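Asks: One structure, as structure tokens, below. Some questions next.
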Amino acid sequence: MTESAGSEPKAPGGIRALVAKHPTAVTVVVAAVVFVLLAVAAVFAGISVGSANSADDVTPDEVTVEQRSQPDATPAAVSVRTCSVENLASVTTFPSLVGVVTDVATGNVLWNRSADKPASPAHIVTALTGAAALQALGPDTRISTKVIDGSTPGSIVLVGGGDPTLATTNASFYRDAPQLSSLASQAMTRYEELHPGVPITQIVLDSTLWSTSDAWDSNWPERERTGGYHSSVTALMINGDRADPTIAISPRGTDPVQSAGEAFAHAAGLPAVSFSLGAAVGSTVLAEVKSQPVSILVEQMLVSGDDSLAESLARLVSKKFGLNGSAASLSQAIPSALADAGLTESGTITITDGSGLSPKNQVPPLFVAQFMSEGASGSGAIAAAFAMLPIGGESGDLYNRFEGDAAAASGHVAAKSGWTNQEHSLGGVVNAQDGTELAFVFYAIGDGISQDARTAIDNLVAGVYVCGSNLSNY
153 MTESAGSEPK APGGIRALVA KHPTAVTVVV AAVVFVLLAV AAVFAGISVG
203 SANSADDVTP DEVTVEQRSQ PDATPAAVSV RTCSVENLAS VTTFPSLVGV
253 VTDVATGNVL WNRSADKPAS PAHIVTALTG AAALQALGPD TRISTKVIDG
303 STPGSIVLVG GGDPTLATTN ASFYRDAPQL SSLASQAMTR YEELHPGVPI
353 TQIVLDSTLW STSDAWDSNW PERERTGGYH SSVTALMING DRADPTIAIS
403 PRGTDPVQSA GEAFAHAAGL PAVSFSLGAA VGSTVLAEVK SQPVSILVEQ
453 MLVSGDDSLA ESLARLVSKK FGLNGSAASL SQAIPSALAD AGLTESGTIT
503 ITDGSGLSPK NQVPPLFVAQ FMSEGASGSG AIAAAFAMLP IGGESGDLYN
553 RFEGDAAAAS GHVAAKSGWT NQEHSLGGVV NAQDGTELAF VFYAIGDGIS
603 QDARTAIDNL VAGVYVCGSN LSNY
């Protein structure tokens with residue numbers, strides 16, 4: 153049956169009718185269904201492949217669960233140090249500053265400014281010299297000055313053994329020093345016993361223990377001698393070659409050996425003798441006097457900062473090691489003695505004198521800090537020398553320091569100071585406010601450095617005292 157012209161067409165039925173009515177929705181649903189079917193097929197394909205591989209490669213017994221490695225112990229928390237001394241270390245009084253602060257108990261470095269770089273420590277060197285002398289010479293050793301019978305009639309030989317404390321007065325700056333008058337009296341008595349009626353006409357002056365041509369370092373300013381701080385370094389001298397033997401600082405002469413000979417002749421009552429330089433060849437001892445023990449000499453040196461004692465002791469250390477007693481030999485002798493005392497070098501050190509006056513001495517601050525730590529916590533020669541150091545605000549050449557802003561640290565600092573026209577330095581140990589022992593070393597270096605640098609260093613050490621183990625490097 154055919155439709156008649158002009159009649160309405162009938163809508164399709166079933167799925168066709170649904171698609172015709174909602175074409176967009178149907179398309180979306182179909183796409184989703186296809187996606188799900190494809191995904192399910194992929195999963196089953198993966199399981200199939202994985203099962204096949206597993207069956208080929210391992211048995212069920214070989215399948216294990218990987219365990220992550222665990223630390224043996226939980227790391228301890230590291231405290232953040234927050235106490236700064238940077239404002240005290242950065243003052244314009246310091247042309248430049250190098251140094252270090254370490255914890256004596258742990259060796260940890262708390263504050264560091266070029267600590268491992270060699271630099272001039274100035275008179276801090278005397279602490280090293282003192283420990284070296286105690287180690288190499290022994291604390292009980294005494295230094296002899298002798299008179300030997302001459303090889304020709306009427307001659308005697310005055311032999312220096314390296315003791316600068318031989319004194320012309322009981323009021324000598326050097327406590328309980330051997331007396332030249334006793335040496336002269338012994339010598340004259342014994343000589344007259346051996347050579348009755350033969351007058352003494354010649355005194356040979358023997359200062360050959362080390363060369364007198366090596367008596368003055370060209371790096372030492374001449375004003376140190378004329379100003380009374382430093383004598384020439386000879387094996388024969390009296391009173392440290394002071395013009396006034398009773399005080400620490402007194403102008404020194406230019407010929408200690410001749411001065412000693414003339415003083416001996418005066419004490420012996422021999423006004424008309426002639427003098428010559430030479431070495432004793434005989435073995436008959438007419439007289440002998442001995443210094444105080446090395447331990448006393450080191451203490452006198454460290455407490456007063458005596459350069460003459462420092463130089464003589466350093467040369468004697470050289471001789472003890474079989475060297476020639478020259479200044480050049482000290483670069484070997486002093487480190488060798490310190491190594492024997494148990495101090496291992498941290499970096500390269502160069503020692504050119506016993507007093508530290510020469511800027512050519514080059515010692516890293518860290519080495520000095522290790523020395524001071526060993527002194528505070530160890531035993532033996534280094535500890536013995538450390539125990540002799542001045543106490544800030546109380547003794548030695550630190551008696552008038554740690555005042556004003558630095559007063560809090562007074563009595564809590566054991567240290568050795570140094571001073572030249574190019575430097576102020578201080579190295580030692582401070583017993584901090586929190587009970588921590590801290591080794592510190594500061595070198596403030598620069599031409600024409602002012603006296604204010606000394607106060608500035610004291611203030612810096614006082615800052616370290618307040619910070620204690622909380623000291624920050626910044």
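Just so we're aligned, residue 153 is where the sequence shown starts under my numbering, counting upward by one. Using N, Cα and C, we set each Cβ at its ideal position, and we do this for glycine too. A quick note: this is a predicted structure, and the numbers were derived from the prediction, not measured.
#1: For Gly379, count neighbouring C-beta atoms within 10 Å of its own C-beta (all shown protein chains included) and say buried if the count is 16 or more, exposed if not.
#2: Taking Gln522 as part of the alpha helix (DSSP H), name the residues at either end of that continuous run.
#3: Locate the beta strand (DSSP E) running through Ile308, then write down its first and last residues.
#4: Per DSSP, what kind of secondary structure is His418 in: helix, strand or coil?
#5: Do the segment 580 to 595 and the segment 253 to 266 touch if we need at least three Cβ pairs shorter than 8 Å?
#6: Where do the ends of the beta strand (DSSP E) carrying Gln603 lie?
#7: Report the CB separation of Thr281 from Ala466 in whole angstroms; it is logged as a contact under 8 Å.
#8: Please name the residue, chosen from Val437, Ala528 and Ala480, that lies closest to Glu345 on a Cα-to-Cα basis.
#9: Would you kindly check if the distance between the Cβ of Val311 and the Cβ of Ala432 is under 9 Å?
#10: Quick one: residues in its chain with C-beta nearer than 7 Å to the C-beta of Gly290, no 5 flanking neighbours on either side, listed in chain order?
#11: On a CA-only basis, which of Ala367, Glu575 and Ser478 is nearest Ser248? Give me that one, please.
#12: Using the Cβ count rule (16 or more neighbours within 10 Å means buried), how would you classify Tyr626?
#13: Do Leu361 and Gly413 have their C-beta atoms closer together than 9 Å?
#14: Based on Cα-Cα distance, which residue from Trp368, Thr500, Ser547 and Thr496 lies nearest to Ser478?
#15: Would Tyr714 be called buried (16 or more neighbouring beta carbons within 10 Å of its own) or exposed?
#16: Given a threshold of 16 other Cβ atoms within 10 Å of its Cβ, counted over all protein chains shown, does Asp292 qualify as buried or as exposed?
#17: Given this structure, state the Cα-to-Cα distance separating Tyr343 from Gly392, to the nearest angstrom.
#18: Write down every uninterrupted run of the beta strand (DSSP E) in the segment 561 to 588 whose length is 3 residues or greater and which is fully enclosed by it, in chain order.
#19: Relative to the C-alpha of Ala528, which candidate in Ala560, Val409 and Gly579 has its C-alpha closest?
#20: With a 10 Å radius around its C-beta and 16 neighbouring C-beta atoms as the bar for buried, classify Pro305 as buried or exposed.
#21: What residues are listed by DSSP as bridge partners for Phe594?
Replies: Looking at the atomic coordinates:
#1: Along the sequence shown, read from residue 1 onward, the residue named residue 379 stands at position 227. Result: exposed.
#2: In the sequence shown, the residue the question calls residue 522 occupies position 370. Here the alpha helix (DSSP H) through Gln522 covers Pro517 to Ser529.
#3: For the purposes of this step, residue 308 is identified with residue 156 of the sequence shown, where counting begins at 1. Unbroken beta strand (DSSP E) run through Ile308: Ser307 to Val311.
#4: Here residue 418 refers to the residue found at position 266 when the sequence shown is read from its first residue. Three-state result, His418: helix.
#5: yes
#6: Along the sequence shown, one-based indexing puts residue 603 at 451. Premise fails: Gln603 is in no beta strand (DSSP E) and is neither H nor E.
#7: What you label residue 281 is simply residue 129 of the sequence shown in a count that begins at 1. What you label residue 466 is simply residue 314 of the sequence shown in a count that begins at 1. Taking C-beta atoms under 8 Å as the contact rule, Thr281 and Ala466 qualify, at a distance of about 5 Å.
#8: Counting from 1 along the sequence shown, the entry for residue 345 is found at position 193. Comparing Cα-Cα distances from Glu345 to each of Val437, Ala528 and Ala480, the minimum goes to Val437.
#9: Locating residue 432 in the sequence shown gives position 280, counting from the first residue. Locating residue 311 in the sequence shown gives position 159, counting from the first residue. In this structure, the beta-carbon distance from Ala432 to Val311 falls below 9 Å.
#10: Residue numbering aside, residue 290 sits at position 138 when the sequence shown is read from its first letter. Cβ-Cβ distances below 7 Å link Gly290 to Val446 in the same chain, with the five nearest sequence neighbours on each side left out; the list follows chain order.
#11: Numbered from its first residue, the sequence shown carries residue 248 at position 96. Residue Glu575 is the option with its Cα nearest to Ser248.
#12: Residue 626 sits at position 474 when you count from the first residue of the sequence shown. Per the 10 Å Cβ criterion, exposed.
#13: Here residue 361 refers to the residue found at position 209 when the sequence shown is read from its first residue. Here residue 413 refers to the residue found at position 261 when the sequence shown is read from its first residue. In this structure, Gly413 does not lie closer than 9 Å to Leu361 by Cβ.
#14: Position 326 of the sequence shown, counted from the start, is the residue given in the question as residue 478. Answer by Cα proximity: Trp368.
#15: Nothing in the structure corresponds to residue 714, since the chain is present only between 153 and 626.
#16: Position 140 of the sequence shown, counting from 1, holds the residue named residue 292. Asp292 comes out exposed.
#17: Numbered from its first residue, the sequence shown carries residue 343 at position 191. Numbered from its first residue, the sequence shown carries residue 392 at position 240. Cα to Cα, the separation comes out at about 27 Å.
#18: 565 to 572 and 575 to 583
#19: Here the question's residue 528 lines up with position 376 in the sequence shown. Measuring from the Cα of Ala528, the nearest candidate turns out to be Gly579.
#20: Here residue 305 corresponds to residue number 153 of the sequence shown, with the count starting at 1. It counts as exposed.
#21: The residue labelled residue 594 in the question sits at position 442 within the sequence shown. Paired residues: Gly251 and Leu578.
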